[in-house]
Ligand SMILES: Cc1cc2nc3c(=O)[nH]c(=O)nc-3n(C[C@H](O)[C@H](O)[C@H](O)COP(=O)(O)OP(=O)(O)OC[C@H]3O[C@@H](n4cnc5c(N)ncnc54)[C@H](O)[C@@H]3O)c2cc1C
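Residue numbers (this note's numbering), protein chains in the order written: chain Y, 545 to 706; chain G, 147 to 421.
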């Protein structure tokens, strides 16, 4: 079947078999290799994408089900100011990742700030657990996400004051 | 078999019509349980699927004075976004324990209740809260207490062929409640189970009590609960011990490790009524 959807801001169509996972479609039909397809059971988080604005593990999403929806992968998200801010926040807080989990952790943190502008440490750890990995110091992640939240809050405050 | 025919129902009438024309079609909500244990390269799905995520009637949630009503295709993440003022704490705690936030963005409450392979995390809480589910088929709608989803063999006995459309939870006052998840937390394994407990007192007397535990099998005995009701509070330690004894045979079908955990969680819950 042909599946038409919005991918990283563009209208696209692809032939998808009913056995295809979204993660495989993104890698194979669109060459988006930032989406990994490692565990194939929704646990490792390396295939996270935004689906209609919600972070989901794309390996447990059948390709046919994204018909008419909007998908943003790390490649698309990396073009945004939100991404750049988060990367800077991670670097400033000394977050060191193994490389595999950095992109999904950044996406998970961004998804959290989208709905919870001032998250508690518990919420940060809970949300970044969508991309579980032992490589990272949890305290550094909390520091990074809170610093980005603070930066955004100050910016909003300044704008409101103008 | 591989899926060849995917039906996206546009509304409830359409979904029921598809089910009538294609008996046995697999209902696909978030798909997280259907795909959970399929680690291979391709997905294996039955020949026909009925996708229900976009059915407007199943995507609503609302609060009245007496109950909270949740459409079956409301995701667990959306449910949590209703907030602590709308969600009974026992249910909020239960669904907060489901998977990771990313899984909760796909997983639906209806799918959590409808799993047939084992009980998922919401059932013990819903059982304690006297939750009801609406099941629809061509014959009409039936409201059913979630307890009736517990088969005599302790396994889930979700009716086949219909559609779970709504979940209704009475907003009764519970004075004491507790919820604990045991075993691996963010992925259901044979060692994962959820214990839920709720009790209400009237004038120092235990007026209502609910105790439910579920993983691969579910435990709940309304007969045992009735035998506890009416006692004066606080319970004496002798009473608490004899109640716990009564539950021992109920826990017999559980693997030893889980039976022990059930015992100590029950002791903890009864402790709440003893002090
Ligand atoms: C990584 C991972 C971690 C998980 N962790 C947990 C956990 O900690 N706790 C937990 O409880 N679960 C967990 N799950 C399992 C699953 O995510 C949840 O149980 C979820 O709520 C299932 O909902 P769904 O919408 O995805 O169901 P689906 O997978 O779409 O369906 C599940 C079953 O219910 C049937 N069904 C679905 N909706 C209806 C309906 N409205 N009417 C009739 N039948 C219906 C389907 O036909 C199917 O048989 C996990 C899954 C994954 C992948």
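Note that the Cβ used here is the ideal one computed from N, Cα and C, for glycine as well.
Taking 7 Å as the line, does the beta carbon of residue i fall inside it for any heavy atom of ligand 1?
{"i": "residue 707 of chain Y", "result": "What is shown of chain Y runs 545 to 706, which leaves residue 707 of chain Y out entirely."}
{"i": "residue 266 of chain G", "result": "yes"}
{"i": "residue 189 of chain G", "result": "no"}
{"i": "residue 600 of chain Y", "result": "no"}
{"i": "residue 413 of chain G", "result": "no"}
{"i": "residue 260 of chain G", "result": "yes"}
{"i": "residue 672 of chain Y", "result": "no"}
{"i": "residue 244 of chain G", "result": "yes"}
{"i": "residue 216 of chain G", "result": "no"}
Could you spell out the range, first to last residue, of the alpha helix (DSSP H) harbouring residue i?
{"i": "residue 574 of chain Y", "result": "566 to 574"}
{"i": "residue 394 of chain G", "result": "383 to 394"}
{"i": "residue 686 of chain Y", "result": "682 to 705"}
{"i": "residue 330 of chain G", "result": "No alpha helix (DSSP H) holds residue 330 of chain G; DSSP gives it neither H nor E."}
{"i": "residue 248 of chain G", "result": "247 to 250"}
Report the rounded CA-to-CA distance for residue i versus residue j, giving the unit in angstroms.
{"i": "residue 324 of chain G", "j": "residue 311 of chain G", "result": "28 Å"}
{"i": "residue 147 of chain G", "j": "residue 194 of chain G", "result": "Here residue 147 of chain G scores only 37 on pLDDT, less than 50, and its place in the model should not be relied on; the value that follows carries that caveat. Going from the Cα of residue 147 of chain G to the Cα of residue 194 of chain G covers about 10 Å."}
{"i": "residue 565 of chain Y", "j": "residue 301 of chain G", "result": "30 Å"}
{"i": "residue 314 of chain G", "j": "residue 278 of chain G", "result": "5 Å"}
{"i": "residue 409 of chain G", "j": "residue 269 of chain G", "result": "19 Å"}
{"i": "residue 189 of chain G", "j": "residue 392 of chain G", "result": "46 Å"}
{"i": "residue 201 of chain G", "j": "residue 219 of chain G", "result": "8 Å"}
{"i": "residue 685 of chain Y", "j": "residue 307 of chain G", "result": "47 Å"}
{"i": "residue 614 of chain Y", "j": "residue 282 of chain G", "result": "31 Å"}
{"i": "residue 327 of chain G", "j": "residue 240 of chain G", "result": "8 Å"}
{"i": "residue 412 of chain G", "j": "residue 380 of chain G", "result": "16 Å"}
{"i": "residue 640 of chain Y", "j": "residue 554 of chain Y", "result": "33 Å"}
{"i": "residue 155 of chain G", "j": "residue 634 of chain Y", "result": "43 Å"}
{"i": "residue 162 of chain G", "j": "residue 305 of chain G", "result": "15 Å"}
Return the chain-ordered list of same chain residues with a C-beta closer than 6 Å to the C-beta of residue i, the five sequence neighbours on each side being excluded.
{"i": "residue 604 of chain Y", "result": "586"}
{"i": "residue 178 of chain G", "result": "249, 252 and 253"}
{"i": "residue 357 of chain G", "result": "343"}
According to DSSP, residue i sits in a beta bridge with which residue or residues?
{"i": "residue 289 of chain G", "result": "G:280"}
{"i": "residue 348 of chain G", "result": "G:351"}
{"i": "residue 621 of chain Y", "result": "According to DSSP, residue 621 of chain Y bridges with nothing at all."}
{"i": "residue 558 of chain Y", "result": "Y:547"}
{"i": "residue 357 of chain G", "result": "G:343"}
{"i": "residue 151 of chain G", "result": "G:194"}
Does the beta-carbon of residue i, which I'm using as the reference point, lie nearer than 7 Å to any heavy atom of ligand 2?
{"i": "residue 228 of chain G", "result": "This structure lacks ligand 2; the ligands present are ligand 1."}
Looking at the unbroken beta strand (DSSP E) that takes in residue i, where does it start and where does it end?
{"i": "residue 316 of chain G", "result": "309 to 316"}
{"i": "residue 215 of chain G", "result": "213 to 217"}
{"i": "residue 598 of chain Y", "result": "598 to 601"}
Considering only residues of the same chain and omitting the five flanking positions on each side of residue i, which have a CB-CB separation below 7 Å?
{"i": "residue 616 of chain Y", "result": "552, 593 and 594"}
{"i": "residue 221 of chain G", "result": "176, 250, 251, 252, 253 and 254"}
{"i": "residue 286 of chain G", "result": "none"}
{"i": "residue 347 of chain G", "result": "321, 353 and 379"}
Going along the chain, which residues of its own chain have a beta-carbon closer than 8 Å to the beta-carbon of residue i, five neighbours each way excluded?
{"i": "residue 662 of chain Y", "result": "693 and 697"}
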